[in-house]
Each structure stands twice: as C-alpha cells, then as structure tokens.
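For reference, the structure discussed in these notes is given below.
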Amino acid sequence: MMIQDKKPFTSFSFYEYIQEGKFMGVRCNGCSKIVSMPRPLCPVCHSEDLVWMPFSGEGNIETFTTIVIAPTFMINKGYGRDMPYCSAVVQLKEGPRVSARIVGVDASKPESIKLGTPVVIDFPEIDPDQQGLVFRTKSKS
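This note's numbering applies: residue 988 is where the sequence shown begins, and numbers increase by one.
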C-alpha cells in the first residue's frame, strides 16, 4: 500500500514518520525501485514520481560490527569499552538495506551474533535527538 502524502522526500520527513511510529521508505512509480532513505529523485531512473511506502520493519542482520570506542551521545547512554554496542547492516524484507544499532545481542561476545538473525525495528529505543535506526532481535514465537 502506497501513501499519498504531501511530505517532501527528505530525511527530516523520514524521521518525522519514525517519531509517529511509522517506518517508511520511498517507491519510484517510474521503475519500481524501493529505497530506504528518501531523496527527491529516483537513484535509478531519476524520476520525480515517488510515493511514500510503509515498511514492515522486519529484516535480517546482513553484516555487523561491535563498537567499543563510542561517540559522546552513546557514552552518555553508558556504552563504551566496558559495554560495547552492535551496529549492523539490516536487509529489510522489502529489499533495501539500512544501517542500524542492534539491541538484544551481547556485543561483548561478537562470536554469539549470527548473520541472518531476524530483527524488527524498535521504535522506543530510537533517540529523537539522534538520527539513527534501532532494531531488536526478533523473539522466537
């Protein structure tokens, strides 16, 4: 389902949607390319005929790293040498890849983090003062 919304195709609009609890991407009506981060033109066919598209918020860890030398805003959250965090590239169900912090893994034991692990977006963990996505490992049902 596409969303006929008048919001411009900018990162500001993308993060407005995130604050509303919606994970949105952009689909080109010209060539059907789906992108995770909005831009005013399709990166493939350069069409301006774009629409907002809701993402499921589900994906898999494609690659990752653990970070022990944290930026200030992560140090303020308690991360650092004694408490590393995981940053990953997530392959979304819809196709695009996104970079995100991963919660629900033991970043102090990177060997325990498996490629292909299912993850889901975690809106409550996303800091409204810092641009960036957060995904959580998907619980086994």
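Even glycine gets a Cβ: it sits at the ideal position worked out from N, Cα and C.
Predicted model, so just to flag it, every value in this text is computed and none were measured.
(message) For residue 1072, list the residues DSSP reports as bridge partners.
(response) Here the question's residue 1072 lines up with position 85 in the sequence shown. In DSSP, residue 1072 forms a bridge with 1054.
(message) What would DSSP say about residue 1122, mapped onto helix, strand or coil?
(response) In the sequence shown, the residue the question calls residue 1122 occupies position 135. Of the three classes helix, strand and coil, the one that applies to residue 1122 here is strand, per DSSP.
(request) Have a look at 1114, 1066, 1097 and flag the residue whose alpha-carbon is nearest the alpha-carbon of residue 1057. (result) Here residue 1057 corresponds to residue number 70 of the sequence shown, with the count starting at 1. The shortest Cα separation from residue 1057 among 1114, 1066, 1097 belongs to 1066.
(message) Am I right that residue 1089 and residue 1075 are in contact with their C-beta atoms under 8 angstroms? What's the rounded C-beta distance?
(response) Position 102 of the sequence shown, counted from the first residue, corresponds to residue 1089. Position 88 of the sequence shown, counted from the first residue, corresponds to residue 1075. So it is a contact: roughly 5 angstroms between Cβ atoms.
(request) Take residue 1032 and list the residues in its own chain whose beta-carbon comes closer than 6 angstroms to its own, dropping the five residues that flank it on each side. (result) Looking up residue 1032 in the sequence shown gives position 45. The residues are 1017, 1018.
(message) With three or more beta-carbon pairs closer than 8 angstroms as the criterion, would you say the segment 1068-1082 touches the segment 1024-1031?
(response) no
(message) Please identify the residue among 1000, 1118, 1040, 1113 whose C-alpha is closest to the C-alpha of residue 1081.
(response) In the sequence shown, counting from the first residue as 1, residue 1081 sits at position 94. Here the closest residue by C-alpha is 1040.
(request) In the DSSP assignment, find the beta strand (DSSP E) that holds residue 1086 and state where it starts and stops. (result) Translated into the one-based positions of the sequence shown, residue 1086 becomes position 99. Residues 1084-1090.
(message) So if DSSP puts residue 1026 in a beta bridge, which residue, or which two residues, is it bridged to?
(response) For the purposes of this step, residue 1026 is taken as residue 39 along the sequence shown, with counting starting at 1. Paired residues: none, contrary to the question.
(request) Less than 8 angstroms between the CB atoms is what I'm expecting for residue 1047 and residue 1121, so what's the real figure, rounded? (result) On the sequence shown, position 60 is the one that residue 1047 refers to. On the sequence shown, position 134 is the one that residue 1121 refers to. Going by Cβ atoms, the distance from residue 1047 to residue 1121 rounds to 16 angstroms, so no, they are not a contact pair.
(request) Determine which residues share a DSSP beta bridge with residue 1047 and list them. (result) Taking the first residue of the sequence shown as position 1, residue 1047 is located at position 60. In DSSP, residue 1047 forms a bridge with 1078, 1105.
(message) I'd like to check one pair, residue 1049 with residue 1078: are the Cβ atoms closer than 8 angstroms?
(response) The residue you call residue 1078 lines up with position 91 of the sequence shown. The residue you call residue 1049 lines up with position 62 of the sequence shown. Against a cut-off of 8 angstroms, the Cβ pair of residue 1049 and residue 1078 comes out as a contact.
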